[in-house]
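Chemist:
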Amino acid sequence: MSQIGVIGIGKLGLCFALNLEAVGYGVVGLDVSEEYVEELNAKKYRSHEPGVEEMLAASTQFHATTQLGEFLAADPELIFVVVATPSLPDGSYDHTQLDEVADALIAEGASQRTRHFVVMCTTMPGYCDGLAERLGPYGYAVSYNPEFIAQGTVVRDQQYPDQILIGEADAAAGDAIEAIYQHVCRNEPTMCRMSRLSAEITKIATNCFLTTKISFANSIGDLARKVGADPDKILAAIGSDGRIGARYLRYGYGYGGPCFPRDNRALALYGEQQGYELLISKATDQVNQRHLDFQVAETLAQHPENEVIELHQVTYKPGTTILEESQQLALAVRLAESGRRVRIIEHPVVVADLKSRFGDLFEYQDRG
669 MSQIGVIGIG KLGLCFALNL EAVGYGVVGL DVSEEYVEEL NAKKYRSHEP GVEEMLAAST
729 QFHATTQLGE FLAADPELIF VVVATPSLPD GSYDHTQLDE VADALIAEGA SQRTRHFVVM
789 CTTMPGYCDG LAERLGPYGY AVSYNPEFIA QGTVVRDQQY PDQILIGEAD AAAGDAIEAI
849 YQHVCRNEPT MCRMSRLSAE ITKIATNCFL TTKISFANSI GDLARKVGAD PDKILAAIGS
909 DGRIGARYLR YGYGYGGPCF PRDNRALALY GEQQGYELLI SKATDQVNQR HLDFQVAETL
969 AQHPENEVIE LHQVTYKPGT TILEESQQLA LAVRLAESGR RVRIIEHPVV VADLKSRFGD
1029 LFEYQDRG
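Note that this note's numbering numbers the sequence shown so that position 82 is 750, with each residue one more than the last.
1) Report the CB separation of Val1066 from Ala742 in whole angstroms; it is logged as a contact under 8 angstroms.
2) Which term fits Asn875, buried or exposed, when burial requires 16 or more other beta carbons within 10 angstroms of its beta carbon?
3) State buried or exposed for Lys901, treating a residue as buried only when at least 16 other CB atoms are found within 10 Å of its CB.
4) Contact between the segment 873-888 and the segment 920-932: three or more CB pairs below 8 angstroms?
5) Measure the Cβ-Cβ separation of Gly842 and Arg864 and say whether it is below 7 angstroms.
6) Roughly how many angstroms lie between the CA atoms of Tyr808 and Thr782, to the nearest whole one?
7) In whole angstroms, what is the alpha-carbon distance linking Pro899 and Ile912?
8) What is the DSSP secondary structure of Gln1033, reduced to helix, strand or coil?
9) Give the single residue among Ser811, Cys927 and Val976 whose Cα lies nearest to the Cα of Ser994.
10) How is the beta strand (DSSP E) around Val720 delimited, first residue to last?
11) Quick one: measure Cβ to Cβ for Gln996 and Thr988, integer angstroms, because I've assumed they're closer than 8 angstroms.
12) Along the chain, where does the alpha helix (DSSP H) containing Gln826 start, and where does it finish?
13) Per the DSSP calculation, His731 is bridged to which residue(s)?
14) Secondary structure at Gln671, three-state DSSP: helix, strand or coil?
15) To the nearest angstrom, how far is it from the Cα of Pro857 to the Cα of Asp830?
16) Name, in chain order, the residues that DSSP records as bridge partners for Gln831.
17) Quick one: is Val750 buried, meaning 16 or more other Cβ sit within 10 Å of its Cβ, or exposed?
18) Just the C-alpha distance for Lys950 and Ser760, rounded to the nearest angstrom, thanks.
19) In angstroms with no decimal places, state the Cα-to-Cα distance between Glu945 and Ile869.
20) Would Ser883 and Asn956 qualify as a contact pair, given that the criterion is a beta-carbon distance under 7 angstroms?
21) What distance in whole Å lies between the Cβ atoms of Met788 and Phe748, which are believed to be in contact at a cut-off of 8 angstroms?
22) With a threshold of 7 angstroms on Cβ separation, who are the neighbours of Leu917 within its own chain once the five nearest residues in sequence on each side are excluded?
23) Using 8 angstroms as the Cβ pair cut-off and three pairs as the minimum, do the segment 679-694 and the segment 810-826 touch?
24) Considering only their Cβ atoms, is the gap separating Phe730 from Glu689 smaller than 7 angstroms?
25) To which residues of the same chain is Tyr849 closer than 6 angstroms at the C-beta, ignoring the five residues directly before and after it?
26) Pick out whichever of Ala818, Ile834, Glu801 and Gln735 has its Cα sitting closest to the Cα of Val674.
27) Flag this pair as touching only if the segment 1005-1014 and the segment 1028-1035 have three or more C-beta atom pairs under 8 angstroms; answer yes or no.
28) Bridge partners for Val810 per DSSP, in chain order?
29) In the DSSP assignment, find the beta strand (DSSP E) that holds Leu979 and state where it starts and stops.
30) When the Cα atoms are used, what is the spatial distance from Ala867 to Gly794?
31) Going by C-alpha to C-alpha distance, which of Ile845, Gly910, Arg1002 and His784 sits closest to Ala800?
32) Taking the continuous alpha helix (DSSP H) assigned at Glu1005, which residues delimit it?
33) Under the rule that 16 or more other beta-carbon atoms within 10 Å means buried, what is Val705, buried or exposed?
34) Out of Ala726, Pro718, Tyr693 and Glu975, which one is the CA nearest neighbour of Asn709?
35) Over what stretch of residues does the beta strand (DSSP E) that includes Arg1011 continue unbroken?
36) Do you know whose CA, among Asn932, Glu973 and Thr733, lies nearest Thr791's CA?
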(Lines of atoms letter the chains of each structure in order from A and count residues from 1; the text may use other names and numbers.)
(Lines give C-alpha, C1' and ligand atoms only; values in the text may rest on other atoms or scores of the structure.)
Protein backbone atom coordinates (compact mmCIF):
# COMPACT_ATOMS: atom_id res chain seq x y z
CA MET A 1 0.00 0.00 0.00
CA SER A 2 1.01 3.63 -0.40
CA GLN A 3 2.88 5.88 2.02
CA ILE A 4 0.81 8.24 4.17
CA GLY A 5 2.01 11.19 6.21
CA VAL A 6 0.59 12.43 9.52
CA ILE A 7 1.62 15.87 10.76
CA GLY A 8 0.95 16.18 14.48
CA ILE A 9 1.26 12.77 16.12
CA GLY A 10 0.02 13.69 19.56
CA LYS A 11 -2.83 11.93 21.35
CA LEU A 12 -5.15 11.82 18.34
CA GLY A 13 -2.68 11.85 15.48
CA LEU A 14 -0.69 8.95 16.91
CA CYS A 15 -3.81 6.82 17.21
CA PHE A 16 -4.70 7.56 13.60
CA ALA A 17 -1.15 6.85 12.41
CA LEU A 18 -1.09 3.50 14.20
CA ASN A 19 -4.51 2.54 12.85
CA LEU A 20 -3.22 3.29 9.35
CA GLU A 21 -0.07 1.26 9.95
CA ALA A 22 -2.03 -1.66 11.37
CA VAL A 23 -3.86 -2.20 8.05
CA GLY A 24 -0.71 -2.12 5.94
CA TYR A 25 0.10 1.50 5.14
CA GLY A 26 3.60 2.85 5.53
CA VAL A 27 3.26 5.88 7.78
CA VAL A 28 5.65 8.74 8.43
CA GLY A 29 4.79 11.03 11.32
CA LEU A 30 6.01 14.57 11.92
CA ASP A 31 6.14 16.29 15.30
CA VAL A 32 8.08 19.10 16.97
CA SER A 33 9.43 17.30 20.05
CA GLU A 34 12.73 15.48 19.53
CA GLU A 35 12.40 13.60 22.81
CA TYR A 36 8.86 12.46 22.00
CA VAL A 37 9.85 11.32 18.50
CA GLU A 38 12.76 9.35 19.92
CA GLU A 39 10.43 7.63 22.39
CA LEU A 40 8.07 6.70 19.56
CA ASN A 41 10.80 5.34 17.31
CA ALA A 42 12.27 3.36 20.20
CA LYS A 43 8.75 2.15 21.09
CA LYS A 44 9.20 3.38 24.64
CA TYR A 45 6.34 5.87 24.69
CA ARG A 46 3.78 5.32 27.44
CA SER A 47 0.15 6.30 26.93
CA HIS A 48 -3.06 6.30 28.99
CA GLU A 49 -5.05 5.80 25.78
CA PRO A 50 -6.16 2.14 25.50
CA GLY A 51 -4.47 0.21 22.70
CA VAL A 52 -1.76 2.73 21.83
CA GLU A 53 1.21 1.04 23.52
CA GLU A 54 0.31 -2.36 22.10
CA MET A 55 -0.13 -1.02 18.55
CA LEU A 56 3.11 0.95 18.75
CA ALA A 57 5.00 -2.14 19.93
CA ALA A 58 3.58 -4.19 17.06
CA SER A 59 4.18 -1.58 14.36
CA THR A 60 6.75 -2.22 11.63
CA GLN A 61 5.95 0.50 9.08
CA PHE A 62 5.65 3.60 11.27
CA HIS A 63 8.46 6.10 11.61
CA ALA A 64 8.48 9.52 13.26
CA THR A 65 10.66 12.55 12.57
CA THR A 66 10.99 16.21 13.51
CA GLN A 67 12.39 17.15 10.09
CA LEU A 68 9.96 18.31 7.41
CA GLY A 69 12.49 17.53 4.69
CA GLU A 70 12.75 13.93 5.84
CA PHE A 71 8.97 13.74 6.09
CA LEU A 72 8.49 14.96 2.51
CA ALA A 73 11.31 12.73 1.25
CA ALA A 74 9.19 9.74 2.27
CA ASP A 75 6.89 10.94 -0.53
CA PRO A 76 3.50 10.56 1.17
CA GLU A 77 0.57 10.60 -1.26
CA LEU A 78 -1.77 11.95 1.39
CA ILE A 79 -0.83 14.17 4.32
CA PHE A 80 -3.23 14.19 7.26
CA VAL A 81 -2.79 17.13 9.65
CA VAL A 82 -3.79 16.67 13.30
CA VAL A 83 -2.38 19.72 15.08
CA ALA A 84 -4.06 21.65 17.89
CA THR A 85 -6.62 24.37 17.22
CA PRO A 86 -7.31 25.66 20.74
CA SER A 87 -10.07 28.10 21.52
CA LEU A 88 -9.46 31.83 21.57
CA PRO A 89 -11.13 34.14 24.12
CA ASP A 90 -13.87 35.09 21.63
CA GLY A 91 -14.82 31.41 21.13
CA SER A 92 -13.19 30.95 17.71
CA TYR A 93 -10.43 28.44 17.00
CA ASP A 94 -6.77 29.37 16.92
CA HIS A 95 -5.41 28.22 13.54
CA THR A 96 -1.83 29.23 14.31
CA GLN A 97 -0.38 25.73 14.17
CA LEU A 98 -2.16 24.97 10.90
CA ASP A 99 -0.85 28.21 9.45
CA GLU A 100 2.67 27.32 10.58
CA VAL A 101 2.42 23.94 8.82
CA ALA A 102 1.24 25.66 5.64
CA ASP A 103 4.06 28.22 5.87
CA ALA A 104 6.63 25.46 6.26
CA LEU A 105 5.32 23.56 3.24
CA ILE A 106 5.29 26.71 1.13
CA ALA A 107 8.91 27.37 2.16
CA GLU A 108 9.84 23.94 0.80
CA GLY A 109 8.57 24.99 -2.63
CA ALA A 110 6.04 23.48 -4.98
CA SER A 111 5.41 19.74 -4.86
CA GLN A 112 6.44 17.78 -7.95
CA ARG A 113 3.00 16.20 -8.02
CA THR A 114 -0.36 16.92 -6.47
CA ARG A 115 -0.50 15.90 -2.82
CA HIS A 116 -3.67 15.67 -0.80
CA PHE A 117 -3.48 17.86 2.32
CA VAL A 118 -6.20 16.65 4.68
CA VAL A 119 -7.10 18.77 7.72
CA MET A 120 -8.40 16.63 10.59
CA CYS A 121 -8.51 19.24 13.35
CA THR A 122 -11.57 21.38 14.04
CA THR A 123 -11.58 24.69 12.18
CA MET A 124 -13.85 27.69 11.87
CA PRO A 125 -16.11 27.39 8.81
CA GLY A 126 -14.41 28.97 5.83
CA TYR A 127 -10.86 28.47 7.05
CA CYS A 128 -10.09 25.49 4.82
CA ASP A 129 -11.24 27.33 1.69
CA GLY A 130 -8.74 30.07 2.53
CA LEU A 131 -6.04 27.47 3.17
CA ALA A 132 -6.77 25.88 -0.20
CA GLU A 133 -6.13 29.21 -1.91
CA ARG A 134 -2.74 29.48 -0.17
CA LEU A 135 -1.56 25.92 -0.79
CA GLY A 136 -3.08 25.28 -4.21
CA PRO A 137 -0.28 26.99 -6.18
CA TYR A 138 2.25 24.72 -4.43
CA GLY A 139 0.61 21.47 -5.50
CA TYR A 140 -1.55 20.72 -2.46
CA ALA A 141 -5.25 19.86 -2.74
CA VAL A 142 -6.85 20.76 0.60
CA SER A 143 -9.67 18.65 2.05
CA TYR A 144 -11.35 18.63 5.47
CA ASN A 145 -11.79 15.32 7.29
CA PRO A 146 -12.40 15.85 11.02
CA GLU A 147 -12.68 13.04 13.53
CA PHE A 148 -15.60 12.15 15.77
CA ILE A 149 -13.81 10.50 18.65
CA ALA A 150 -13.71 10.61 22.45
CA GLN A 151 -10.72 10.50 24.77
CA GLY A 152 -10.37 7.03 26.25
CA THR A 153 -11.79 5.28 23.16
CA VAL A 154 -9.88 7.00 20.35
CA VAL A 155 -8.44 3.86 18.72
CA ARG A 156 -11.78 2.09 18.72
CA ASP A 157 -13.70 5.17 17.60
CA GLN A 158 -11.42 5.44 14.59
CA GLN A 159 -11.97 1.77 13.77
CA TYR A 160 -15.76 1.81 14.23
CA PRO A 161 -17.03 5.28 13.31
CA ASP A 162 -20.69 6.05 12.64
CA GLN A 163 -19.74 8.34 9.80
CA ILE A 164 -16.76 9.56 7.84
CA LEU A 165 -17.05 13.27 7.07
CA ILE A 166 -15.14 14.40 3.98
CA GLY A 167 -15.07 18.01 2.84
CA GLU A 168 -13.38 17.20 -0.43
CA ALA A 169 -11.16 19.38 -2.58
CA ASP A 170 -12.61 17.55 -5.57
CA ALA A 171 -13.99 14.11 -6.45
CA ALA A 172 -10.51 12.60 -6.82
CA ALA A 173 -9.54 13.79 -3.33
CA GLY A 174 -12.76 12.44 -1.87
CA ASP A 175 -12.16 9.07 -3.55
CA ALA A 176 -8.61 8.88 -2.18
CA ILE A 177 -9.69 9.69 1.37
CA GLU A 178 -12.66 7.34 1.26
CA ALA A 179 -10.47 4.50 0.01
CA ILE A 180 -8.23 4.82 3.08
CA TYR A 181 -11.16 4.57 5.46
CA GLN A 182 -12.45 1.51 3.64
CA HIS A 183 -9.23 -0.16 4.77
CA VAL A 184 -9.10 1.27 8.29
CA CYS A 185 -12.74 0.94 9.34
CA ARG A 186 -13.90 -2.43 10.63
CA ASN A 187 -17.53 -1.50 10.12
CA GLU A 188 -19.35 0.19 7.26
CA PRO A 189 -19.76 3.84 8.27
CA THR A 190 -21.81 6.33 6.30
CA MET A 191 -19.58 8.24 3.91
CA CYS A 192 -20.63 11.89 4.01
CA ARG A 193 -18.94 13.77 1.17
CA MET A 194 -19.51 17.47 0.61
CA SER A 195 -17.74 20.80 0.23
CA ARG A 196 -15.13 21.93 2.74
CA LEU A 197 -17.41 24.67 4.11
CA SER A 198 -20.34 22.30 4.54
CA ALA A 199 -18.11 19.80 6.32
CA GLU A 200 -16.72 22.45 8.69
CA ILE A 201 -20.27 23.42 9.69
CA THR A 202 -21.27 19.75 9.99
CA LYS A 203 -18.42 18.98 12.38
CA ILE A 204 -19.29 21.56 15.01
CA ALA A 205 -23.05 21.30 14.46
CA THR A 206 -22.92 17.57 15.20
CA ASN A 207 -21.32 18.15 18.56
CA CYS A 208 -23.72 20.99 19.26
CA PHE A 209 -26.69 18.70 18.71
CA LEU A 210 -25.22 16.34 21.31
CA THR A 211 -24.77 19.17 23.82
CA THR A 212 -28.39 20.10 23.17
CA LYS A 213 -29.53 16.57 24.02
CA ILE A 214 -27.39 16.55 27.17
CA SER A 215 -28.72 19.89 28.36
CA PHE A 216 -32.30 18.89 27.56
CA ALA A 217 -31.91 15.65 29.51
CA ASN A 218 -30.40 17.42 32.52
CA SER A 219 -33.05 20.17 32.54
CA ILE A 220 -35.86 17.58 32.48
CA GLY A 221 -34.01 15.63 35.16
CA ASP A 222 -33.65 18.70 37.35
CA LEU A 223 -37.36 19.39 37.02
CA ALA A 224 -38.18 15.78 37.86
CA ARG A 225 -36.01 15.78 40.99
CA LYS A 226 -37.47 19.10 42.09
CA VAL A 227 -41.04 17.73 42.05
CA GLY A 228 -40.27 14.19 43.23
CA ALA A 229 -40.48 12.36 39.89
CA ASP A 230 -37.98 9.82 38.51
CA PRO A 231 -35.62 11.40 35.95
CA ASP A 232 -34.14 8.11 34.79
CA LYS A 233 -37.49 6.55 33.96
CA ILE A 234 -38.73 9.72 32.28
CA LEU A 235 -35.66 10.00 30.06
CA ALA A 236 -35.62 6.29 29.27
CA ALA A 237 -39.20 6.58 28.08
CA ILE A 238 -38.42 9.66 25.97
CA GLY A 239 -35.35 7.98 24.50
CA SER A 240 -37.31 4.88 23.53
CA ASP A 241 -39.04 6.96 20.85
CA GLY A 242 -37.21 6.12 17.63
CA ARG A 243 -37.38 9.74 16.49
CA ILE A 244 -35.32 10.78 19.52
CA GLY A 245 -33.04 7.93 20.60
CA ALA A 246 -31.53 7.11 23.97
CA ARG A 247 -27.90 8.06 23.37
CA TYR A 248 -26.81 11.18 25.28
CA LEU A 249 -30.27 11.36 26.87
CA ARG A 250 -29.40 10.45 30.45
CA TYR A 251 -29.46 12.44 33.64
CA GLY A 252 -26.05 13.25 35.09
CA TYR A 253 -23.32 15.83 34.93
CA GLY A 254 -23.29 18.58 32.37
CA TYR A 255 -21.14 18.36 29.27
CA GLY A 256 -17.48 19.31 29.44
CA GLY A 257 -14.13 18.21 28.09
CA PRO A 258 -11.97 19.43 25.23
CA CYS A 259 -14.60 19.37 22.44
CA PHE A 260 -18.25 19.93 23.32
CA PRO A 261 -18.09 23.29 25.14
CA ARG A 262 -15.78 24.93 22.62
CA ASP A 263 -17.63 23.63 19.57
CA ASN A 264 -20.88 24.93 20.98
CA ARG A 265 -19.39 28.38 21.50
CA ALA A 266 -17.71 28.38 18.09
CA LEU A 267 -20.93 27.59 16.26
CA ALA A 268 -22.75 30.38 18.09
CA LEU A 269 -19.94 32.78 17.18
CA TYR A 270 -19.97 31.72 13.53
CA GLY A 271 -23.72 32.33 13.41
CA GLU A 272 -23.22 35.83 14.79
CA GLN A 273 -20.48 36.52 12.24
CA GLN A 274 -22.86 35.54 9.46
CA GLY A 275 -25.74 37.61 10.85
CA TYR A 276 -27.74 34.59 12.05
CA GLU A 277 -28.09 34.15 15.80
CA LEU A 278 -28.08 30.50 16.87
CA LEU A 279 -30.28 30.71 19.94
CA ILE A 280 -30.16 26.96 20.62
CA SER A 281 -26.36 26.97 21.04
CA LYS A 282 -26.55 29.87 23.48
CA ALA A 283 -29.42 28.31 25.43
CA THR A 284 -27.54 25.01 25.66
CA ASP A 285 -24.63 26.74 27.39
CA GLN A 286 -26.99 28.54 29.77
CA VAL A 287 -28.77 25.30 30.67
CA ASN A 288 -25.43 23.58 31.29
CA GLN A 289 -24.51 26.30 33.80
CA ARG A 290 -27.92 26.24 35.49
CA HIS A 291 -27.67 22.48 35.85
CA LEU A 292 -24.38 22.92 37.71
CA ASP A 293 -26.07 25.47 39.99
CA PHE A 294 -28.85 22.95 40.64
CA GLN A 295 -26.36 20.20 41.47
CA VAL A 296 -24.44 22.44 43.85
CA ALA A 297 -27.60 23.44 45.74
CA GLU A 298 -28.89 19.86 45.85
CA THR A 299 -25.57 18.45 47.08
CA LEU A 300 -25.28 21.08 49.81
CA ALA A 301 -28.82 20.30 50.96
CA GLN A 302 -28.16 16.56 51.07
CA HIS A 303 -25.00 16.71 53.18
CA PRO A 304 -24.76 18.12 56.73
CA GLU A 305 -22.18 20.86 57.13
CA ASN A 306 -19.80 18.65 59.16
CA GLU A 307 -19.90 15.78 56.67
CA VAL A 308 -17.11 15.10 54.19
CA ILE A 309 -18.42 15.06 50.63
CA GLU A 310 -16.63 12.40 48.62
CA LEU A 311 -16.33 12.55 44.84
CA HIS A 312 -14.92 9.48 43.10
CA GLN A 313 -14.44 11.03 39.67
CA VAL A 314 -13.74 14.62 38.70
CA THR A 315 -12.37 14.16 35.19
CA TYR A 316 -14.77 15.22 32.46
CA LYS A 317 -15.66 11.57 31.77
CA PRO A 318 -14.75 8.18 33.27
CA GLY A 319 -11.67 6.47 31.92
CA THR A 320 -9.67 9.62 31.19
CA THR A 321 -7.30 11.87 33.10
CA ILE A 322 -8.60 15.05 31.43
CA LEU A 323 -9.89 17.86 33.64
CA GLU A 324 -10.59 20.41 30.90
CA GLU A 325 -13.97 22.08 31.48
CA SER A 326 -15.02 19.16 33.70
CA GLN A 327 -18.42 19.77 35.27
CA GLN A 328 -17.57 17.23 37.96
CA LEU A 329 -14.52 19.28 38.93
CA ALA A 330 -16.54 22.50 38.75
CA LEU A 331 -18.97 20.96 41.24
CA ALA A 332 -16.12 20.01 43.57
CA VAL A 333 -14.67 23.51 43.43
CA ARG A 334 -18.03 25.15 44.12
CA LEU A 335 -18.65 22.86 47.10
CA ALA A 336 -15.19 23.45 48.56
CA GLU A 337 -15.41 27.21 48.06
CA SER A 338 -18.71 27.18 49.94
CA GLY A 339 -16.79 25.95 52.99
CA ARG A 340 -17.50 22.22 52.76
CA ARG A 341 -14.88 19.51 53.15
CA VAL A 342 -14.51 17.75 49.81
CA ARG A 343 -12.51 14.55 49.40
CA ILE A 344 -11.56 13.59 45.86
CA ILE A 345 -10.80 9.94 45.23
CA GLU A 346 -9.12 9.69 41.84
CA HIS A 347 -6.39 8.13 39.74
CA PRO A 348 -2.92 9.10 41.09
CA VAL A 349 -2.15 11.07 37.92
CA VAL A 350 -5.32 13.10 38.39
CA VAL A 351 -4.64 13.62 42.10
CA ALA A 352 -1.18 14.97 41.32
CA ASP A 353 -2.64 17.35 38.74
CA LEU A 354 -5.30 18.55 41.19
CA LYS A 355 -2.75 19.15 43.95
CA SER A 356 -0.65 21.28 41.60
CA ARG A 357 -3.69 23.35 40.61
CA PHE A 358 -5.72 23.59 43.81
CA GLY A 359 -3.33 22.82 46.68
CA ASP A 360 -5.21 22.17 49.90
CA LEU A 361 -8.64 23.22 48.63
CA PHE A 362 -9.55 19.50 48.66
CA GLU A 363 -8.66 16.39 50.58
CA TYR A 364 -7.17 13.73 48.33
CA GLN A 365 -7.10 9.97 48.09
CA ASP A 366 -5.53 7.84 45.37
CA ARG A 367 -7.87 5.37 43.75
CA GLY A 368 -6.43 1.90 43.57
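Heads up, the beta-carbon is just placed ideally off N, CA and C, and yes, glycines get one too. This one's a predicted model, so the numbers in the text were calculated from it and none came from an experiment.
Modeler: In brief:
1) A query on residue 1066 cannot be resolved here, the shown segment of the chain reaching from 669 to 1036 and no further.
2) buried
3) exposed
4) yes
5) no
6) 6 angstroms
7) 16 angstroms
8) strand
9) Cys927
10) No beta strand (DSSP E) holds Val720; the alpha helix (DSSP H) holding it covers Val720 to Ala726.
11) About 11 angstroms separates the two Cβ atoms, so there is no contact after all.
12) Val822 to Gln827
13) Val696
14) strand
15) 5 angstroms
16) Thr858
17) buried
18) 15 angstroms
19) 15 angstroms
20) yes
21) 5 angstroms
22) Lys881, Ala885, Leu903, Ile906 and Gly907
23) yes
24) yes
25) Ile832
26) Gln735
27) yes
28) Phe785
29) Ile977 to Leu979
30) 10 angstroms
31) His784
32) Gln995 to Glu1005
33) buried
34) Ala726
35) Val1010 to Glu1014
36) Asn932
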